[in-house]
Amino acid sequence: MIKVKMFGVVRLGSGVKEFECSLSEAPTVSACFDVLNIKSAPGSDKFTFGDSQVFVNHTRTTKKNFALKDGDEVWLMSPAAGG
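In terms of our numbering, the numbers along the sequence shown are unbroken and rise by one, the last being 85.
Structure follows, in structure tokens:
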């Protein structure tokens, strides 16, 4: 199983705190967004790889086709913003 956790705007906009999915559902990081958008609350925002900073097992990745493996933990975070 892959554990996916949302933070910041991604969490607020989707209405989802975290979920688990199988490797067949999310073989890559970008597929995690497809699963998130299915699990999101009705009428909520839809998210893509470009909307977030992505970490796999505590390491940031910039590759949307990064291959996941069973037991991975993925964090989807809203990008940092200055002000």
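Think of the CB as a built atom: it goes at the ideal place given N, C-alpha and C, for glycine as much as any other residue. Just so it is clear, the structure is predicted and the values come from calculations on it, not from any experiment.
Tell me which residue opens and which closes the alpha helix (DSSP H) that residue i is part of.
i: Val56; result: Looking at the DSSP string, Val56 is not in any alpha helix (DSSP H); the run it does join, the beta strand (DSSP E), is 55-58.
Per DSSP, residue i forms a beta bridge with which residues?
i: Ala69; result: Thr30
i: Val11; result: Answer is none; Val11 lacks a bridge partner.
i: Ile40; result: Ile40 pairs with nothing; no bridge assigned.
i: Lys5; result: Glu22, Glu75
Beta carbon of residue i, beta carbon of residue j: below 8 Å?
i: Cys23; j: Met8; result: no
i: Leu70; j: Leu25; result: yes
i: Asp1; j: Asn59; result: A query on residue 1 cannot be resolved here, the shown segment of the chain reaching from 3 to 85 and no further.
i: Val31; j: Val76; result: yes
i: Val6; j: Glu27; result: no
For the putative contact between residue i and residue j, defined by C-beta atoms under 8 Å, what is the C-beta separation to the nearest angstrom?
i: Ser42; j: Ser16; result: 4 Å
i: Asn39; j: Phe51; result: Actually they are not in contact, since the Cβ atoms of Asn39 and Phe51 sit about 12 Å apart, beyond 8 Å.
Specify, as a first and last residue, the run of the beta strand (DSSP E) that residue i falls within.
i: Met79; result: 75-79
i: Phe21; result: 20-23
i: Thr2; result: The requested residue 2 is not part of the displayed model; the chain covers only 3 to 85.
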